[in-house]
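Structure first, commentary second.
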Amino acid sequence: MNFNERIEGLFEEYQRQRNSLTELQEKMRALTATATSPRREVSITVGQNGVMTDIRFPTGAHKRLAPADLTELIMATYTEAKENVMQQAAATLAPMLPEGMDAQALVRGTAGTDAYLPKEPRMATSVREMLNLGRTQQ
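Following my numbering, the residues of the sequence shown are numbered contiguously, the last one being 139.
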């Protein structure tokens, strides 16, 4: 394979990866999760970033709760919805990540810097080979 064919192949691979990332972004933006309290006092929907997008009171049961109890119930239901969407996001993202990278930690913002900047740069074998073409053997 000559140099131009190798460069063309790398460009095609870049385009495939770019298209995959665009699809991933669309899937991530579309993620939502809804949680409903056990007795259906409240139902909460969150978007992919955990921001509440809807809150509903499907029954009149919430009217019987003291304000502090209703607040606690809303927060617990919100936490459940947020957890669900985080799990969806990690499951969506995981297939795109390099082996060994923790999608859950990445989505939650708890991944260490090695998750973003590995000790050794990732480089396709073909690129390494091309870079070594100009070096003389010692």
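Think of the CB as a built atom: it goes at the ideal place given N, C-alpha and C, for glycine as much as any other residue.
Asked, Found
"Going by alpha carbons, who is nearest to residue 21 out of 106, 105 and 93?", "93"
"At what residues does the alpha helix (DSSP H) containing residue 21 begin and finish?", "4-31"
"Roughly how many angstroms lie between the CA atoms of residue 6 and residue 18, to the nearest whole one?", "18 angstroms"
"What residues match up with residue 45 in a beta bridge as DSSP calls it?", "36 and 56"
"Taking contact to mean at least 3 C-beta pairs separated by less than 8 angstroms, is the segment 95-106 in contact with the segment 30-50?", "no"
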